[in-house]
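In terms of numbering that gives the first Met the number 0, the sequence shown is residues 0 to 886. Scroll down for the structure; my scribbles are underneath it.
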Amino acid sequence: MTTPLAAPGSEPLDLRLATGAVAAWLACVLLLDATTGAVAVAALGSVAVGLLALGAARLVPVRRPVAGHVAVVGPAVALAAFCIALVLIPLAGRIGHARASPLFRLAARHASVTLDLTVAADPVTLAAAGPAGAPRVAVETSADAVRAYGPAVGASGAVLVLGDAGPWRDTLPGQRVRLEGTLQPDLDGSALSVTLFARGSPHLLGVPPWWQRVAGTIRHALRQAASGLPPDERGLLPGLVDGDTADLDPVLAQRFRLAGLTHLVAVSGTNCSLVVGAVLLLLRRARVRPWVSALVGGAVLLMFVVVARPSPSVLRAALMAVVALSSLASGRPRAALPSLAVVVLGLLLWDPTLSASASFAMSALATAALIVIAPGWAGALRRRRVPAGLAESVAVAAAAHVVTAPVVAAISGQVSLVAIGANVLAEPVVAVATIVGFLAAVIAPLGLGAGAALAWVAGWPCRWLVQVADFFGGLHGAVLPWPGGAAGGLALLVVLAVVALASARIGVRRVLAAAAVTALVVLIPVRAVTSAWPPPGWVFTACDIGQGDALLLAAGPHQAVEIDAGPDPVLIDRCLRDLGITSVPLLVLTHLHLDHVGGVVGVAHDRPIGAILAGPLDEPASGSALVHRVATERGLTVYSPVVGTRLQIGAVRLDVLGPARPYRGTRSDPNNSSLVLRATVGGIRILLPGDAEIEAQQAMLAAGLDLRADVLKVPHHGSAYSDPDFLAAVHARLAIVSVGLHNDYGHPSPRLLTTMARLGVPLLRTDRDGDVAVVPQGGRVAAVRHGTAAASAAAAGPGPLVASVPGARMNACQHERSARTISPARSPASSCWSATRTCSSTEPSARSPPPPAGSTPRWSRPSAPAAPSRVPSCTRCSGRRCSAMPA
Numbered sequence: 000m001t002t003p004l005a006a007p008g009s010e011p012l013d014l015r016l017a018t019g020a021v022a023a024w025l026a027c028v029l030l031l032d033a034t035t036g037a038v039a040v041a042a043l044g045s046v047a048v049g050l051l052a053l054g055a056a057r058l059v060p061v062r063r064p065v066a067g068h069v070a071v072v073g074p075a076v077a078l079a080a081f082c083i084a085l086v087l088i089p090l091a092g093r094i095g096h097a098r099a100s101p102l103f104r105l106a107a108r109h110a111s112v113t114l115d116l117t118v119a120a121d122p123v124t125l126a127a128a129g130p131a132g133a134p135r136v137a138v139e140t141s142a143d144a145v146r147a148y149g150p151a152v153g154a155s156g157a158v159l160v161l162g163d164a165g166p167w168r169d170t171l172p173g174q175r176v177r178l179e180g181t182l183q184p185d186l187d188g189s190a191l192s193v194t195l196f197a198r199g200s201p202h203l204l205g206v207p208p209w210w211q212r213v214a215g216t217i218r219h220a221l222r223q224a225a226s227g228l229p230p231d232e233r234g235l236l237p238g239l240v241d242g243d244t245a246d247l248d249p250v251l252a253q254r255f256r257l258a259g260l261t262h263l264v265a266v267s268g269t270n271c272s273l274v275v276g277a278v279l280l281l282l283r284r285a286r287v288r289p290w291v292s293a294l295v296g297g298a299v300l301l302m303f304v305v306v307a308r309p310s311p312s313v314l315r316a317a318l319m320a321v322v323a324l325s326s327l328a329s330g331r332p333r334a335a336l337p338s339l340a341v342v343v344l345g346l347l348l349w350d351p352t353l354s355a356s357a358s359f360a361m362s363a364l365a366t367a368a369l370i371v372i373a374p375g376w377a378g379a380l381r382r383r384r385v386p387a388g389l390a391e392s393v394a395v396a397a398a399a400h401v402v403t404a405p406v407v408a409a410i411s412g413q414v415s416l417v418a419i420g421a422n423v424l425a426e427p428v429v430a431v432a433t434i435v436g437f438l439a440a441v442i443a444p445l446g447l448g449a450g451a452a453l454a455w456v457a458g459w460p461c462r463w464l465v466q467v468a469d470f471f472g473g474l475h476g477a478v479l480p481w482p483g484g485a486a487g488g489l490a491l492l493v494v495l496a497v498v499a500l501a502s503a504r505i506g507v508r509r510v511l512a513a514a515a516v517t518a519l520v521v522l523i524p525v526r527a528v529t530s531a532w533p534p535p536g537w538v539f540t541a542c543d544i545g546q547g548d549a550l551l552l553a554a555g556p557h558q559a560v561e562i563d564a565g566p567d568p569v570l571i572d573r574c575l576r577d578l579g580i581t582s583v584p585l586l587v588l589t590h591l592h593l594d595h596v597g598g599v600v601g602v603a604h605d606r607p608i609g610a611i612l613a614g615p616l617d618e619p620a621s622g623s624a625l626v627h628r629v630a631t632e633r634g635l636t637v638y639s640p641v642v643g644t645r646l647q648i649g650a651v652r653l654d655v656l657g658p659a660r661p662y663r664g665t666r667s668d669p670n671n672s673s674l675v676l677r678a679t680v681g682g683i684r685i686l687l688p689g690d691a692e693i694e695a696q697q698a699m700l701a702a703g704l705d706l707r708a709d710v711l712k713v714p715h716h717g718s719a720y721s722d723p724d725f726l727a728a729v730h731a732r733l734a735i736v737s738v739g740l741h742n743d744y745g746h747p748s749p750r751l752l753t754t755m756a757r758l759g760v761p762l763l764r765t766d767r768d769g770d771v772a773v774v775p776q777g778g779r780v781a782a783v784r785h786g787t788a789a790a791s792a793a794a795a796g797p798g799p800l801v802a803s804v805p806g807a808r809m810n811a812c813q814h815e816r817s818a819r820t821i822s823p824a825r826s827p828a829s830s831c832w833s834a835t836r837t838c839s840s841t842e843p844s845a846r847s848p849p850p851p852a853g854s855t856p857r858w859s860r861p862s863a864p865a866a867p868s869r870v871p872s873c874t875r876c877s878g879r880r881c882s883a884m885p886a
């Protein structure tokens with residue numbers, strides 16, 4: 000449903016209240032983390048400035064034209080000053096109240112506490128995983144009581160809980176819980192929130208409010224109704240209707256981000272406008288009285304808020320939708336700008352932390368673009384004989400993208416080059432999918448069959464959206480790297496302002512032509528030359544997928560045998576796409592730790608898998624369940640090969656060397672039970688020992704196995720649990736460590752690095768070198784690096800062992816000592832990675848490095864393995880919400 004946008008005509012813009020709202024917003028951002036006194040002084044100063052401006056206006060009236068008006072400067076300045084004071088005075092009170100809470104004193108001591116909490120919003124899955132790759136979540140809550148060194152006392156304040164995902168999956172907002180953990184100050188230093196690193200599962204207290212239970216029932220019924228759809232559409236439909244993305248394919252979610260379509264699967268003003276607008280349109284066609292239409296529309300909006308959960312983001316979206324609908328219904332969109340300003344001020348009064356929320360900024364800016372910019376652009380397109388529906392679609396998509404691009408660039412460090420085209424193609428079907436899907440959600444609890452029929456109908460437009468996202472999000476160069484942070488956002492804002500001024504002076508057509516020529520003549524050729532990947536003739540690639548293993552053996556044109564899938568579906572899908580792999584005839588999972596199997600969904604995304612092999616030990620349960628679910632969905636069976644098995648898959652020959660049996664009673668049974676393979680591709684032998692540790696390595700040495708290989712994938716990410724005799728028996732010419740940047744395990748171990756240096760084996764590592772590809776070169780082994788890490792290394796000068804891309808050139812790997820690998824320096828650790836809300840467990844995992852001799856390991860802080868080196872993440876987390884945006 001596309002509602003024609005009203006032409007602006009000669010109606011002038013009333014910017015007075017909008018200017019005040021923007022000023023108040025900026026003041027709130029600047030002072031959100033300040034002290035109570037500083038905020039109070041700023042508020043009183045704003046009142047004084049406002050009174051002085053009013054007094055000056057009465058004495059010396061100064062006038063100048065503003066947006067086609069003649070406005071009085073003094074009252075305008077006074078209005079802005081009073082708006083600033085309006086939001087700062089309650090903010091000062093909030094900060095003072097928060098500072099007086101016992102939570103902040105306990106957080107400063109990093110105290111172990113028991114908290115009674117009320118869940119405020121659905122859990123959000125974190126980009127970085129916990130021990131052994133287990134998923135973790137961030138949960139927004141508010142405190143009711145705290146127990147630390149004595150009896151429980153009353154407490155209030157916002158608490159961000161970080162914990163394992165499993166226990167929180169079915170927890171509804173409004174549910175009261177009791178939880179143990181360690182308090183710390185907010186990750187970003189906010190004065191209005193603290194962070195709790197949870198231990199164990201939440202203990203439920205009572206039941207959630209009835210409206211949250213109703214919302215949970217409806218959302219569950221929609222998931223059931225959509226269960227008959229294909230996997231991508233099954234996960235997408237609930238996201239379109241109510242923002243429920245729990246079952247959305249992570250690779251598809253990433254494609255939506257890259258294509259600039261993320262707003263479709265987040266509850267926004269668009270969702271509300273579509274549903275309520277459709278109802279109002281039907282009522283108007285039926286000639287229902289206006290007051291009845293208003294009541295029905297309000298009831299439908301209330302129902303939508305309940306279904307999507309009455310969280311702050313949903314209420315914000317509903318208010319934005321009311322502004323947009325009222326502007327379109329009145330035919331005076333520009334007159335709605337003061338209403339939008341009132342909504343912004345009201346939301347800042349209600350929750351000051353929204354001022355630093357990227358989603359709030361984009362929602363407000365997109366609504367402003369819809370009611371101010373889009374009507375003029377649509378009119379200009381119609382005057383150039385663009386069909387009416389297409390003109391509105393292009394105008395809305397372009398206006399929303401342009402005004403939100405600086406915010407997206409600031410938090411993601413990139414600019415989408417395909418967002419306008421993707422949104423233009425997606426918009427015609429979004430309304431159908433959302434409206435029919437909403438009907439399915441409402442009807443499914445009453446009759447699952449009828450709900451499933453409606454979900455089937457809504458699935459067809461979802462198929463189109465999946466195709467649009469896959470096409471645009473899968474394009475190489477879909478996004479342009481851009482400086483992140485406030486500086487990057489301001490830089491893009493300046494660029495857009497220059498383009499706007501140039502368009503006004505020399506014409507839009509000439510500016511667009513110049514941009515097209517620049518892209519065709521400069522941008523595209525330069526990016527094509529600097530992305531010379533994959534290298535011709537590659538036989539083996541270790542993907543940079545963070546802390547885990549994802550290894551590829553070239554089996555034929557666009558085919559690869561894959562050894563392990565890494566921890567993240569998005570990262571392994573990126574590596575496969577970069578290499579041009581469209582088919583995986585064999586997927587081998589050495590063992591079932593999540594850092595080796597967590598990305599299996601990404602391997603299977605749009606790629607056929609011929610067969611799956613796995614190690615003999617069906618543990619841990621989390622990895623086993625994931626692998627068997629994916630295999631079942633694709634009609635495959637997971638097999639475990641025996642020692643001595645030889646497989647030939649295209650150009651790849653695989654020999655299974657171990658284990659002879661599953662290990663029991665060792666330091667880590669899953670690691671020691673890893674499949675150990677030797678691959679031969681293009682005359683190069685590659686030893687792939689998975690995470691096999693000392694027990695398994697010594698068993699292979701005792702069995703007298705031939706372990707010789709040209710390339711060694713270092714066991715267990717370079718941990719200290721390797722036998723030097725085993726490493727020496729390989730006689731490798733090159734070693735590769737698959738390891739994550741800044742991981743908390745200390746991988747690769749200084750002990751391992753020293754051993755490899757003593758053996759004279761050149762060593763590359765994915766955390767520093769990016770993707771590493773092995774290429775045969777005249778009887779020798781050469782390697783090529785690719786990716787962000789490789790580019791950074793190239794800036795410091797190419798090393799003697801490898802060439803990096805851009806500017807790829809290959810050098811043979813020699814038996815010489817590498818300055819980069821001899822010094823065994825431990826990766827720097829951080830107490831918390833705020834960009835991804837990452838923190839680890841308080842207990843050592845089976846993958847932890849060994850303690851020094853004679854010492855007991857101490858885990859003094861809760862933290863999780865650091866984020867994978869390519870995980871998209873937010874760069875500004877404020878208050879209780881993390882403004883995570885597409886990478």
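Virtual Cβ for every residue (Gly too), placed ideally from N, Cα, C.
Report task. Determine the closest residue to A33 out of G643, R308, T352, G242, with distance taken between C-alpha atoms. Result -> A check of alpha carbon separations from A33 across G643, R308, T352, G242 identifies T352 as the nearest.
Report task. For my contact list, L114 and V158 are in at a C-beta cut-off of 8 Å; report their separation, rounded to the angstrom. Result -> In this structure, L114 and V158 form a Cβ contact; the two beta carbons are roughly 7 Å apart against a cut-off of 8 Å.
Query - Nearest neighbour of S200, chosen from V40, V213, R135 [CA to CA] - result: Ranked by Cα distance from S200, the first of V40, V213, R135 is R135.
**Report entry** Helix, strand or coil at L16 according to DSSP, with G and I counted as helix
**Finding:** L16: helix per DSSP, three-state reduction.
**Report entry** Classification of G162 by the beta-carbon crowding that lies within 10 angstroms, buried from 16 upward
**Finding:** With 16 or more other CB atoms across the displayed protein chains lying within 10 angstroms of its CB, G162 is buried.
Query - For P566, three-class secondary structure by DSSP - result: If DSSP states are grouped into helix, strand and coil, P566 belongs with coil.
Query raised in the report: Around the C-beta of A613, are 16 or more other C-beta atoms found within 10 angstroms, so that it is buried, or is it exposed?
Result: It counts as buried.
Query - Residues of its chain near Q79, where Cβ-Cβ distance is below 6 Å and the 5 sequence neighbours each way are ignored - result: This sequence places Ala at residue 79; Gln is not what is there. Around A79: T18, G19, A22.
Query raised in the report: With C-beta atoms as the reference, is A425 less than 8 Å away from L464?
Result: Yes.
Requested in this report: Say whether chain E places a C-beta atom closer than 8 Å to the C-beta of G162.
Outcome: Looking for chain E here will not work: only one protein chain is present.
Query raised in the report: Alpha carbon to alpha carbon, what distance is there between A197 and R168?
Result: Roughly 15 Å separates the two Cα atoms.
Query - Distance between G545 and V146 (C-alpha atoms, nearest Å) - result: Contrary to the premise, residue 146 reads as Arg rather than Val in this sequence. Just so you know, the alpha carbons of R146 and G545 end up roughly 38 Å apart.
Query - Option in A398, L416, P337, V138 with minimal Cα separation from P166 - result: It is V138.
Query raised in the report: If you run the structure through DSSP and keep just helix, strand and coil, what is R381?
Result: The DSSP-derived three-state label of R381 is helix.
Query raised in the report: What is the DSSP secondary structure of S200, reduced to helix, strand or coil?
Result: DSSP places S200 in strand when its eight states are reduced to three.
**Report entry** R652 vs A678 beta-carbon contact at 8 Å
**Finding:** Result yes, Cβ atoms of R652 and A678 sit closer than 8 Å.
Query raised in the report: If we ignore side chains and look at the alpha-carbon of each, how far apart do T244 and P172 end up?
Result: One C-alpha to the other measures close to 16 Å.
Query - Nearest-angstrom Cα separation, counted from G73 out to A394 - result: Per the coordinates, the alpha-carbon of A394 lies some 36 Å from the alpha-carbon of G73.
Requested in this report: Please report how far the alpha carbon of G276 lies from the alpha carbon of L116, in whole angstroms.
Outcome: G276 and L116: Cα-Cα distance of roughly 37 Å.
Query raised in the report: Any chance the segment 398–409 sits against the segment 471–490, with 3 or more Cβ pairs inside 8 Å?
Result: Result yes; three or more Cβ-Cβ pairs closer than 8 Å.
Query - Any 3 or more C-beta pairs closer than 8 Å across the segment 626–644 and the segment 566–580 - result: The segment 626–644, when compared against the segment 566–580, does not touch it at the 8 Å Cβ threshold.
Requested in this report: Determine, using beta-carbon pairs with one atom in the segment 749–767 and one in the segment 660–673, whether at least three such pairs fall under 8 Å.
Outcome: The segment 749–767 makes no contact with the segment 660–673: fewer than 3 CB pairs, one atom from each, lie closer than 8 Å.
Report task. Can you grab the Cα-Cα spacing for the pair P607 / V417, in whole Å? Result -> Between the C-alpha atoms of P607 and V417 there is a straight-line separation of about 27 Å.
Requested in this report: Measure the alpha-carbon distance for S970 versus L588 and round it to whole angstroms.
Outcome: In the structure as shown, the chain starts at 0 and stops at 886, and residue 970 therefore has no counterpart that could be examined.
Query raised in the report: Taking DSSP as the reference, what is the three-state secondary structure of C812?
Result: Interpretation of C812 is limited by its pLDDT of 42, a score under 50 that renders its predicted location unreliable; the figure taken from the coordinates is listed afterwards. Look at C812 here: in three-state DSSP terms it is coil, with no helix or strand label.
**Report entry** Integer-rounded CB distance, given that A214 should sit under 8 Å from V306
**Finding:** That pair is a contact at about 6 Å.
**Report entry** Nearest candidate by alpha-carbon position, reference D654, set H96, P640, R660
**Finding:** Minimum Cα-Cα distance from D654 among the listed residues H96, P640, R660 corresponds to P640.
Query - Opposing strand residues paired with D163 [DSSP bridges] - result: DSSP output for D163 lists R135 as bridge partner(s).
**Report entry** Whole-angstrom C-beta distance between V250 and H604, which should lie under 8 Å
**Finding:** Contact between H604 and V250 holds: their C-beta atoms lie close to 4 Å from each other, under 8 Å.
Query raised in the report: So the beta strand (DSSP E) A734 belongs to, where does it begin and stop?
Result: Counting along the chain, the beta strand (DSSP E) containing A734 begins and ends at 733–736.
**Report entry** 6 Å Cβ shell around F81 - same chain, five flanking residues per side excluded
**Finding:** Excluding residues up to 5 positions away in sequence, G49 lie with their Cβ nearer than 6 Å to the Cβ of F81 in the same chain.
Requested in this report: Taking only the alpha-carbon atoms, compute the straight-line gap between W532 and D231 and give it to the nearest angstrom.
Outcome: For W532 and D231, the distance between alpha carbons rounds to 29 Å.
Query raised in the report: By a C-beta neighbour count over all protein chains shown, 10 Å radius and 16 as the cutoff for buried, is E632 buried or exposed?
Result: Its Cβ having fewer than 16 others within 10 Å, E632 is exposed.
Query - Rounded straight-line distance, which links the Cα of E179 to that of S859 - result: Because S859 carries a pLDDT of 32, less than 50, the predicted location of this residue cannot be relied on, and the following value inherits that uncertainty. One Cα belongs to S859, the other to E179, and the distance between them is close to 16 Å.
Query raised in the report: In its own chain, which residues sit with a C-beta less than 6 Å from the C-beta of N422, not counting the 5 before and 5 after it?
Result: Within the same chain, N422 has close Cβ partners A396.
Query raised in the report: In this structure, does DSSP put P661 in helix, strand or coil?
Result: Correct three-state label for P661: coil.
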